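A.B. asks:
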Amino acid sequence: MGKGSGTFERLLDKATSQLLLETDWESILQICDMIRQGDTIAKYAVAAIKKKVNDKNPHVALFALEVLESVVKNCGQTVHDEVANKQTMEELKELQKRQVEANVRNKILSDENHDQFLKALQNAVTTFVNRMKSNHMRGRSITNDSAVLSLFQPINNMHPQLLELLNQLDERRLYYEGLQDKLAQIRDAREALNALRDEHREKLRLAAEEAERQ
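Just so we're aligned, residue 1 is where the sequence shown starts under full-length UniProt numbering, counting upward by one.
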């Protein structure tokens, strides 16, 4: 584990908290420093980060990926050796698949609810407008038309819901833009890990050739 395992775990929990609104770079840099300085053993650190990467909470998993990417870039060969293996690559692929599938399912359910609300609102407005036109053509006052009055109240009640829906759609747009950035980071991390694995294999091959020549 290393002499700073308790501090490392606290920093990792802080850097991957589901309550974070943005990346905690200060904690991530401290994590990298602890690994580089040998306060935390690379094998223990990578195992702990991988555990966070596989957390059921997608926010924790995504922040953990940023931690993993940072230690791979900044902590040298000892981390590379722990990360550049088939098991880690398969775990990252599975994580990406799970997150995409979960977000698609949530989007479908949310879209169905929104569609139902919008259809109900559209039907109410269409009936209301048609009734108003009919009254106008017949020269009837709408104040005495109970059907118009009964339609007006539900439409009026739907207005706050419509505003909330528009707000939700705007928030979802921002969320999915952020998610797209996170998925791009996952792809970049996978490419970097693939490169590290290839580099490691090449070093082993060259070492084997050198041993044979001797």
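Even for Gly, the Cβ is constructed at its ideal location relative to N, Cα and C. This structure is a prediction, so every number in the text was calculated from the model and none was measured.
Helix or strand or just coil, what does DSSP make of Cys32?
C.D. replies: Stepping through the sequence shown from its first residue, residue 32 is reached at position 32. Helix at Cys32.
A.B. asks: Could you please give the first and the last residue of the uninterrupted alpha helix (DSSP H) stretch that includes Ser17?
C.D. replies: Position 17 of the sequence shown, counted from the start, is the residue given in the question as residue 17. Looking at the DSSP string, Ser17 is not in any alpha helix (DSSP H), and its letter there is neither H nor E.
A.B. asks: Using DSSP with H/G/I as helix, E/B as strand and the rest coil, what is Thr23?
C.D. replies: As a working mapping, residue 23 is identified with position 23 in the sequence shown. Correct three-state label for Thr23: coil.
A.B. asks: Cβ of Lys52 within 8 Å of Cβ of Ala64?
C.D. replies: Taking the first residue of the sequence shown as position 1, residue 52 is located at position 52. Taking the first residue of the sequence shown as position 1, residue 64 is located at position 64. Contact: yes.
A.B. asks: For Asn194 and Glu90, I'd like the C-alpha separation in whole angstroms.
C.D. replies: To locate residue 194, count along the sequence shown from 1; it is residue 194. To locate residue 90, count along the sequence shown from 1; it is residue 90. Taking the straight line joining both Cα atoms gives about 11 Å.
A.B. asks: Would Gln18 and Asn54 be called neighbours here (beta carbons separated by less than 8 Å)?
C.D. replies: Here the question's residue 18 lines up with position 18 in the sequence shown. Here the question's residue 54 lines up with position 54 in the sequence shown. Against a cut-off of 8 Å, the Cβ pair of Asn54 and Gln18 comes out as no contact.
A.B. asks: Alpha carbon to alpha carbon, what distance is there between Glu26 and Ala47?
C.D. replies: Looking up residue 47 in the sequence shown gives position 47. Looking up residue 26 in the sequence shown gives position 26. Distance between the alpha carbons of Ala47 and Glu26: 21 Å.
A.B. asks: Please state whether DSSP places Asp188 in a helix, a strand or coil.
C.D. replies: Position 188 of the sequence shown, counted from the first residue, corresponds to residue 188. Asp188 falls in the helix class under three-state DSSP.
A.B. asks: Could you tell me which of Ile31, Ala61 and Val60 sits nearest to Cys75, measuring between CA atoms?
C.D. replies: Residue 75 sits at position 75 when you count from the first residue of the sequence shown. Looking at the Cα atoms, Ile31 is the closest of the given residues.
A.B. asks: Can you tell me whether DSSP reads Asp55 as helix, strand or coil?
C.D. replies: Position 55 of the sequence shown, counting from 1, holds the residue named residue 55. Note: Asp55 maps to coil in three-state DSSP.
A.B. asks: Would you grab the beta carbon distance between Met34 and Thr16 for me? Rounded to a whole angstrom, and I think it's under 8 Å.
C.D. replies: Residue 34 sits at position 34 when you count from the first residue of the sequence shown. Residue 16 sits at position 16 when you count from the first residue of the sequence shown. Going by Cβ atoms, the distance from Met34 to Thr16 rounds to 15 Å, so no, they are not a contact pair.
A.B. asks: What does a CB cutoff of less than 8 Å around Lys14 pick up in its chain, not counting 5 residues either side in sequence?
C.D. replies: Numbered from its first residue, the sequence shown carries residue 14 at position 14. Once the five neighbours on either side are set aside, the close Cβ partners of Lys14 are Asp24 and Ser27.
A.B. asks: Taking the Cβ atom as the reference point for each residue, do Leu12 and Ile49 lie within a distance shorter than 8 Å?
C.D. replies: Along the sequence shown, one-based indexing puts residue 12 at 12. Along the sequence shown, one-based indexing puts residue 49 at 49. Yes; because the gap between Cβ atoms is below 8 Å, this pair is in contact.
A.B. asks: Just to confirm the assignment, what range does the alpha helix (DSSP H) spanning Thr78 have?
C.D. replies: The residue labelled residue 78 in the question sits at position 78 within the sequence shown. Thr78 -> alpha helix (DSSP H) spans Gln77 to Val83.
A.B. asks: Short check: CB of Val72 to CB of Ala45, under 8 Å?
C.D. replies: Indexing the sequence shown from 1 puts residue 72 at position 72. Indexing the sequence shown from 1 puts residue 45 at position 45. Contact flag unset, no.
A.B. asks: Since Glu66 and Gln214 are thought to touch, with beta carbons under 8 Å apart, how far apart are those beta carbons, to the nearest angstrom?
C.D. replies: As a first step, residue 66 is located in the sequence shown; it is residue number 66 there, counting from the start. As a first step, residue 214 is located in the sequence shown; it is residue number 214 there, counting from the start. Glu66 to Gln214, Cβ: 43 Å. No contact.
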